[in-house]
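Here the protein sequences come in this chain order: A and B.
Under my numbering, the first residue of the first sequence carries the number 1, and numbering increases by one thereafter.
Under my numbering, the first residue of the second sequence carries the number 1, and numbering increases by one thereafter.
Right, one structure below, let's go through it.
2 protein chains.
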Amino acid sequence: MIRMAGKPVADLLRESIRQQAEERVKNCGPIVLAIIVVGDDPASHVYKDRLVKLAATIGVVTKVKLLPAETTQQQLMATILALNVDDNIQGILPMMPLPKGLDGAAIGAAIAVEKDVDCLNPANVGNVSLGQSPWAPCTPRSAMAILRHYGIELAGKHAVVVGRSNVVGKPLAMQLLAADATVTICHSRTPDLGAMTRTADVLVAAAGVPRLIKADMVKPGAVVVDVGIHQEGDQLVGDVDGSVAEVASALTPVPGGVGTVSSMMVMQRLVMGCKEQ
Amino acid sequence: MIRMAGKPVADLLRESIRQQAEERVKNCGPIVLAIIVVGDDPASHVYKDRLVKLAATIGVVTKVKLLPAETTQQQLMATILALNVDDNIQGILPMMPLPKGLDGAAIGAAIAVEKDVDCLNPANVGNVSLGQSPWAPCTPRSAMAILRHYGIELAGKHAVVVGRSNVVGKPLAMQLLAADATVTICHSRTPDLGAMTRTADVLVAAAGVPRLIKADMVKPGAVVVDVGIHQEGDQLVGDVDGSVAEVASALTPVPGGVGTVSSMMVMQRLVMGCKEQ
Chain A
1 MIRMAGKPVA
11 DLLRESIRQQ
21 AEERVKNCGP
31 IVLAIIVVGD
41 DPASHVYKDR
51 LVKLAATIGV
61 VTKVKLLPAE
71 TTQQQLMATI
81 LALNVDDNIQ
91 GILPMMPLPK
101 GLDGAAIGAA
111 IAVEKDVDCL
121 NPANVGNVSL
131 GQSPWAPCTP
141 RSAMAILRHY
151 GIELAGKHAV
161 VVGRSNVVGK
171 PLAMQLLAAD
181 ATVTICHSRT
191 PDLGAMTRTA
201 DVLVAAAGVP
211 RLIKADMVKP
221 GAVVVDVGIH
231 QEGDQLVGDV
241 DGSVAEVASA
251 LTPVPGGVGT
261 VSSMMVMQRL
271 VMGCKEQ
Chain B
1 MIRMAGKPVA
11 DLLRESIRQQ
21 AEERVKNCGP
31 IVLAIIVVGD
41 DPASHVYKDR
51 LVKLAATIGV
61 VTKVKLLPAE
71 TTQQQLMATI
81 LALNVDDNIQ
91 GILPMMPLPK
101 GLDGAAIGAA
111 IAVEKDVDCL
121 NPANVGNVSL
131 GQSPWAPCTP
141 RSAMAILRHY
151 GIELAGKHAV
161 VVGRSNVVGK
171 PLAMQLLAAD
181 ATVTICHSRT
191 PDLGAMTRTA
201 DVLVAAAGVP
211 RLIKADMVKP
221 GAVVVDVGIH
231 QEGDQLVGDV
241 DGSVAEVASA
251 LTPVPGGVGT
261 VSSMMVMQRL
271 VMGCKEQ
């Protein structure tokens, strides 16, 4: 079985992204990413720390805005709008999900289209769906980068995506479709999930349910991408059970798979030529 | 077999839409739809004539702009932008496809979000994909209205959509998903189409290929929606072969099915309360 680790994918991208950053800084000045963290969700802080550290190695400046959990919708909106019109800010990334009571969709829709590095603005979502932009959200782009890196053929294959979230399931389905896969989207209302997943040549688990996909739900030889990440005791586990390693021909590990490449995808979006923006 | 004709669906909607139009005219003044036809594609003129006739029975005013086939991108864009800022125009609908050489995607993206009755602007596409707007393009909304009218259960069913166009396949897949169906999208690169379509409880043919779906590609008892329409000699045929009537439990006719309801969907979008716009 091929272990589709994320690190080699990120490492290979790192140098070209660093060079693009250098080029861009020379032509258009510093690249500054504003990261907004509301409240103290541990996963959000872990991801924020990872982004700050990675950005430094790429040549991207980060500005972290820490807001208290009690921040109101209006206050958060004002923060976004101020960043939108600030010429010294090139990208805006609020850590999701926001604390209860805040409307994440409205916040995403408020981010200026050209600063929206994680494809939260509906205009960017639409352009991806229409096939007019490659800048889908970072997690599905990470999954696609891993599949490409490990030479997984997608054209004409049957890809089954488990999960229909706006941040992973739906945009990933659109990207797999654009890569000429036949695509099935399953979800919590799919009555016999195993019957569906067993038809997959490429299976993507993005349901947010720990160890949901067991060995008997996977066709022998299938390629499996695990987008889940859950704390289980002192261990991190994905949406895919360990037993799947026995039947899959290739599998992304958790940790060390899709998540490892996602932060690099943020940088890739940030360093694109200033004239393209 | 149930013949899922479009006329009863349109007839049932007509009266409530007419009443909504009346209400809206009283509160906010006339409802005016600008229809733009570039060149002399016969299908575009047929659809334009149908819209004009229907609008008159609903209480919607139509303004038809006929532009020559030689119209440049810049001229068409200027027409759109002028309609965008014209307070006397509530909806803008360019007949698609545009003549060769014109960029339909750019034209769609230029239409003001609130006047974009057929969901051509990427921001509207994104909002539909994110589940934040019900206003998908009119043809997939027509297919959904027919399925609803004939009491077809979608939750937990396997819906297979053949075709991945931006105007039908993709938005219809998103709507079926929102209705809790498990959704598969097939297309020209799907290697064994019949194997996929035979797994469908609800099969939607939107490939643009005359008589593509034959009886042996349909599971006995499946519900079949035919979105295709093609001139074949002096006859109109769909993407579904006549033989399918022998195996399907329900089928939309062509002509007289999805196409019959599409123009009513334009009106439904136009008459929504002025405060919602």
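Just so it is clear, CB atoms sit at the ideal spot from N, CA and C, and this is done for glycine as well.
Extent of the continuous alpha helix (DSSP H) to which P334 of chain A belongs: The shown model of chain A, from 1 to 277, leaves out residue 334 of chain A, and the question about it has no answer.
Under 9 angstroms between C-beta atoms of T62 of chain A and L83 of chain A: Locating residue 62 of chain A in the first sequence gives position 62, counting from the first residue. Locating residue 83 of chain A in the first sequence gives position 83, counting from the first residue. No. Outside cutoff.
4 or more residues per run - each alpha helix (DSSP H) lying fully within the segment 13-90 of chain B: 42-58 and 73-84
Should L80 of chain B be flagged as near chain A, meaning a C-beta pair shorter than 9 angstroms? Counting from 1 along the second sequence, the entry for residue 80 of chain B is found at position 80. Note that residue 80 of chain B corresponds to Ile in the displayed sequence, not to Leu. Cβ-Cβ to chain A under 9 angstroms: no for I80 of chain B.
Cβ of V183 of chain A less than 9 angstroms from any chain B Cβ? Here residue 183 of chain A is taken as the residue at index 183 of the first sequence, counted from 1. Using a Cβ-Cβ cut-off of 9 angstroms, V183 of chain A counts as an interface residue toward chain B, since at least one Cβ of chain B sits closer than that to its own.
When the Cα of R14 of chain B is compared with those of B:I80, B:G59 and B:G156, which residue comes out closest? As a working note, residue 14 of chain B is residue 14 in the second sequence. The shortest Cα separation from R14 of chain B among B:I80, B:G59 and B:G156 belongs to B:G59.
Could you check whether the Cβ of L96 of chain A sits closer than 9 angstroms to any Cβ belonging to chain B? In the first sequence, counting from the first residue as 1, residue 96 of chain A sits at position 96. Position check: residue 96 of chain A holds Met in this sequence, whereas Leu was assumed. Chain B, which has no Cβ nearer than 9 angstroms to the Cβ of M96 of chain A, makes this no.
What does V168 of chain B pair with, by DSSP beta-bridge criteria? Residue mapping note: residue 168 of chain B aligns to position 168 of the second sequence, counting from 1. None, per the DSSP bridge assignment.
What are the residues that DSSP puts in a beta bridge with T302 of chain B? Residue coverage of chain B in this structure runs from 1 to 277, which leaves residue 302 of chain B outside it and unanswerable.
Are there 16 or more other CB atoms within 10 angstroms of the CB of Q277 of chain B, so buried, or fewer, so exposed? On the second sequence, residue 277 of chain B is found 277 positions in, with the first residue counted as 1. Note that Q277 of chain B has pLDDT 48, beneath the 50 cutoff, so the model's placement of it is unreliable and no number is given.
Since T260 of chain A is in the alpha helix (DSSP H), which residue starts that stretch and which ends it? For the purposes of this step, residue 260 of chain A is taken as the residue at position 260 of the first sequence. Unbroken alpha helix (DSSP H) run through T260 of chain A: V258 to L270.
I'd like to know if L33 of chain A contacts chain B, where contact means its C-beta is closer than 9 angstroms to some C-beta of that chain. Translated into the one-based positions of the first sequence, residue 33 of chain A becomes position 33. Using beta-carbon distances, L33 of chain A does not count as an interface residue toward chain B, since no partner is under 9 angstroms.
By how many angstroms is the C-alpha of N127 of chain A removed from the C-alpha of A109 of chain B? Mapped onto the second sequence, residue 109 of chain B falls at position 109. Mapped onto the first sequence, residue 127 of chain A falls at position 127. One C-alpha to the other measures close to 9 angstroms.
My guess is that V167 of chain B and P137 of chain B are in contact by the Cβ rule of under 8 angstroms, so how many angstroms apart are they, rounded? What you label residue 167 of chain B is simply residue 167 of the second sequence in a count that begins at 1. What you label residue 137 of chain B is simply residue 137 of the second sequence in a count that begins at 1. The C-beta separation of V167 of chain B from P137 of chain B comes to about 5 angstroms, placing the pair in contact by the 8 angstroms criterion.
Chain A residues whose Cβ lies nearer than 8 angstroms to that of Q175 of chain B: The residue given as residue 175 of chain B occupies position 175 in the second sequence. In chain order: nothing, as chain A lies at least about 12 angstroms away.
Please list the terminal residues of the continuous beta strand (DSSP E) segment that includes L130 of chain B. Residue numbering aside, residue 130 of chain B sits at position 130 when the second sequence is read from its first letter. First-last for L130 of chain B: undefined, no H or E at that position.
Can you check whether the C-beta of P122 of chain B is within less than 9 angstroms of a C-beta belonging to chain A? Your numbering for residue 122 of chain B matches position 122 in the second sequence. So yes, P122 of chain B belongs to the interface.
Minimum C-alpha distance to P134 of chain B - residue among B:I107, B:M174, B:G39 and B:E23: Here the question's residue 134 of chain B lines up with position 134 in the second sequence. Measuring from the Cα of P134 of chain B, the nearest candidate turns out to be B:M174.
Does N84 of chain A have its Cβ less than 9 angstroms from a Cβ in chain B? Here residue 84 of chain A refers to the residue found at position 84 of the first sequence. No, N84 of chain A does not count as interfacial toward chain B.
In whole angstroms, what is the alpha-carbon distance linking E246 of chain A and L177 of chain A? Locating residue 246 of chain A in the first sequence gives position 246, counting from the first residue. Locating residue 177 of chain A in the first sequence gives position 177, counting from the first residue. Using only the alpha carbons, I get a separation of about 28 angstroms.
Quick one: is P220 of chain B near chain A, going by C-beta distance under 9 angstroms? Against the second sequence, residue 220 of chain B aligns to sequence position 220. No, its Cβ sits nowhere closer than 9 angstroms to a Cβ of chain A.
Using beta carbons (cut-off 9 angstroms, strictly below), is A191 of chain A in contact with chain B? By one-based count along the first sequence, residue 191 of chain A stands at place 191. For the record, residue 191 of chain A in the displayed sequence is Pro; it is not Ala. Closer than 9 angstroms to some Cβ of chain B, the Cβ of P191 of chain A qualifies, so yes.
Quick check on DSSP: helix, strand or coil for V125 of chain A? Translated into the one-based positions of the first sequence, residue 125 of chain A becomes position 125. Helix.
Let's see if you can read the secondary structure: which residues bound the alpha helix (DSSP H) around T193 of chain A? Numbered from its first residue, the first sequence carries residue 193 of chain A at position 193. The sequence shown places Leu at residue 193 of chain A, not Thr. From DSSP, the alpha helix (DSSP H) with L193 of chain A extends over L193 to T197.
How many Å lie between V227 of chain A and V218 of chain B at the Cα? Along the first sequence, one-based indexing puts residue 227 of chain A at 227. Along the second sequence, one-based indexing puts residue 218 of chain B at 218. About 34 angstroms.
C-alpha distance - D201 of chain B paired with L12 of chain A, whole-angstrom precision: Here the question's residue 201 of chain B lines up with position 201 in the second sequence. Here the question's residue 12 of chain A lines up with position 12 in the first sequence. Cα-Cα distance, rounded: 44 angstroms.
Short of 8 angstroms in beta carbon distance, which residues of its chain neighbour L236 of chain A, apart from the five on each side in sequence? Order them along the chain. On the first sequence, position 236 is the one that residue 236 of chain A refers to. Excluding residues within five positions, the ones whose Cβ falls inside 8 angstroms are I229, H230, V254 and P255.
Should L102 of chain B go down as buried or exposed, given a rule of 16 or more other Cβ atoms within 10 Å for buried? As a first step, residue 102 of chain B is located in the second sequence; it is residue number 102 there, counting from the start. The residue is buried, with at least 16 neighbouring Cβ atoms inside 10 Å.
Considering only residues of the same chain and omitting the five flanking positions on each side of L293 of chain B, which have a CB-CB separation below 6 angstroms? With chain B running from 1 to 277 in the structure shown, residue 293 of chain B is simply not present.
How big is the Cα-Cα spacing for G194 of chain A and E114 of chain A? Locating residue 194 of chain A in the first sequence gives position 194, counting from the first residue. Locating residue 114 of chain A in the first sequence gives position 114, counting from the first residue. Distance between the alpha carbons of G194 of chain A and E114 of chain A is about 41 angstroms.
Same chain, Cβ closer than 6 angstroms to S262 of chain B, five either side skipped, listed in chain order: Translated into the one-based positions of the second sequence, residue 262 of chain B becomes position 262. If we look at S262 of chain B and ignore the five residues flanking it on each side, its Cβ neighbours are C138, T139 and S142.
My understanding is that A206 of chain A touches D239 of chain A, with C-beta atoms under 8 angstroms, so please give their C-beta distance in whole angstroms. Stepping through the first sequence from its first residue, residue 206 of chain A is reached at position 206. Stepping through the first sequence from its first residue, residue 239 of chain A is reached at position 239. At roughly 7 angstroms, the Cβ-Cβ gap stays under 8 angstroms, so A206 of chain A and D239 of chain A are in contact.
Quick one: does G238 of chain B have its CB under 9 angstroms from some CB of chain A? Taking the second sequence and counting its residues from 1, one reaches residue 238 of chain B at position 238. Taking Cβ atoms only, chain A never reaches closer than 9 angstroms to G238 of chain B, which makes this a no.
In the DSSP assignment, find the unbroken beta strand (DSSP E) run with I229 of chain A in it and report its ends. Here residue 229 of chain A refers to the residue found at position 229 when the first sequence is read from its first residue. Note, I229 of chain A: premise wrong, no beta strand (DSSP E); not H, not E.
Quick check: Q73 of chain A and A112 of chain A, are their CB atoms within less than 9 angstroms of each other? As a first step, residue 73 of chain A must be located in the first sequence, where it is residue number 73. As a first step, residue 112 of chain A must be located in the first sequence, where it is residue number 112. Contact flag unset, no.
Classify P94 of chain B as helix, strand or coil using the three-state DSSP reduction. Taking the second sequence and counting its residues from 1, one reaches residue 94 of chain B at position 94. P94 of chain B: strand per DSSP, three-state reduction.
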